[in-house]
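S.K.: Supplied in structure tokens, the structure appears directly below.
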Amino acid sequence: MLKIASWNINSVRLRLPSLKKILEQYNLDVICLQETKTPDEFFPEQDIKSYGYEHIAFRGEKSYNGVTIISRIPIVNSFHWDMCAKGDKRHIAVELDNGITIHNFYIPAGGDIADIKENPKFAHKLDFVDEMTSRFEESIPKKTVIVGDFNIAPFEHDVWSHKQLLKVVSHTPIEVEKLTKLSESQSWIDSHREFTPLDQKLYSWWSYRSPDWQKSNRGRRLDHIWLTPDLKQELKSADIYSETRSIEKPSDHATISITLNL
DNA sequence: ATGGTGGGTCACCCA
Numbered sequence: 488m489l490k491i492a493s494w495n496i497n498s499v500r501l502r503l504p505s506l507k508k509i510l511e512q513y514n515l516d517v518i519c520l521q522e523t524k525t526p527d528e529f530f531p532e533q534d535i536k537s538y539g540y541e542h543i544a545f546r547g548e549k550s551y552n553g554v555t556i557i558s559r560i561p562i563v564n565s566f567h568w569d570m571c572a573k574g575d576k577r578h579i580a581v582e583l584d585n586g587i588t589i590h591n592f593y594i595p596a597g598g599d600i601a602d603i604k605e606n607p608k609f610a611h612k613l614d615f616v617d618e619m620t621s622r623f624e625e626s627i628p629k630k631t632v633i634v635g636d637f638n639i640a641p642f643e644h645d646v647w648s649h650k651q652l653l654k655v656v657s658h659t660p661i662e663v664e665k666l667t668k669l670s671e672s673q674s675w676i677d678s679h680r681e682f683t684p685l686d687q688k689l690y691s692w693w694s695y696r697s698p699d700w701q702k703s704n705r706g707r708r709l710d711h712i713w714l715t716p717d718l719k720q721e722l723k724s725a726d727i728y729s730e731t732r733s734i735e736k737p738s739d740h741a742t743i744s745i746t747l748n749l
């Protein structure tokens, strides 16, 4: 079995002890992190290796963004895409020695205003998703898993109130349209929705700004793990560890995972 | 309609 997780850690240095606990508690083979917020020269590579995860690919920068793939299974190749040619660190990918390729994305949040003319961050977000679509059309993925903080909650029950979030960046029709186009372009399998019907709520993120996130439960499903169809038969489970949102000094994102029968 | 909190860095950026 291969267990792959994704977590927007919001500073890998601040939450290194939590990372160690999560790797152990959920017996993860691979974890993909977003928002590591750490330049490569300060990345805690040796600490993570000492946890038993000796194979690590990372790309970071000061203050913002940053992605890594941490594995106890050998990585035979790693590479990255310079999305939107901005030089920011929002993508990294690895090929494991079992033949699986994993892409880790941190899609731009997109700012507050859902208008590409008024808000360059929103335009960047839409362009980023379009570029994901075109890049996977150029080199058709096989035995591939794409994960990350997509910053888009595509379905009605991926947010606490579909009506109230229709104009809120993360759930606007144009974003959902772009993500749907990406999804359909390679018939990507939405792992978590394979096990939870579309009429049931599913969240992976709760704002820091709520005094009691569990009580108000105004969540959104921003984090995703998708598979190429050739892996669908191997998908055995998909989980959202909402309890990771309750740890001391939590990220605003929960850790999510899948298990593949490999 | 508004502001609420948190991380990184050092007066604000970003989420």
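Taking the numbering used here, the leading residue of the first sequence gets 488, the next gets one more, and so forth. Glycine included, each C-beta is placed from N, C-alpha and C at the ideal position. Small disclaimer: the values here were computed from a predicted structure and weren't measured.
Whole-angstrom Cβ separation of Leu583 and Val563, contact assumed at under 8 Å?
M.R.: 7 Å between Cβ atoms; contact.
S.K.: Leaving out the 5 sequence neighbours to the left and right, which residues in its chain are closer than 7 Å to Leu510 when beta-carbon positions are compared?
M.R.: Once the five neighbours on either side are set aside, the close Cβ partners of Leu510 are Ile518, Tyr538 and Tyr540.
S.K.: Which first and last residues belong to the beta strand (DSSP E) in which Ala596 is found?
M.R.: Per DSSP, Ala596 belongs to no beta strand (DSSP E) and is neither H nor E.
S.K.: By alpha-carbon positions, which one of Ile727, Glu664, Pro698 and Ile734 ends up nearest to Ser691?
M.R.: Measuring from the Cα of Ser691, the nearest candidate turns out to be Ile727.
S.K.: Just list the beta strand (DSSP E) runs in the region 559-638, keeping only unbroken ones of 3 residues or longer that don't cross its boundaries, in chain order.
M.R.: You should have 562-566, 578-583, 588-593 and 631-636.
S.K.: Based on DSSP bridge pairs, tell me the residues matched to Asp677.
M.R.: Note: Asp677 sits in a beta bridge opposite Trp713.
S.K.: Give the DSSP-derived three-state secondary structure of Thr523 in the structure shown.
M.R.: Three-state result, Thr523: coil.
S.K.: Is it right to say Asp717 is buried, meaning 16 or more other beta carbons lie within 10 angstroms of its own, or is it exposed?
M.R.: Exposed.
S.K.: Would the region 682-691 and the region 597-605 be scored as touching if the rule is three or more Cβ pairs under 8 Å?
M.R.: As far as the Cβ criterion goes, the region 682-691 does not touch the region 597-605, which means the pair count is below three.
S.K.: Excluding sequence positions up to five away, which residues of its chain have a Cβ less than 6 Å from the Cβ of Lys665?
M.R.: Same-chain partners within the cutoff: Leu613 and Val616.
S.K.: If we call anything under 8 Å between Cβ atoms a contact, is Phe530 one with Phe545?
M.R.: Yes.
S.K.: Is it buried or exposed for Glu522, if we count other Cβ within 10 angstroms and need 16 for buried?
M.R.: Flag for Glu522 reads buried.
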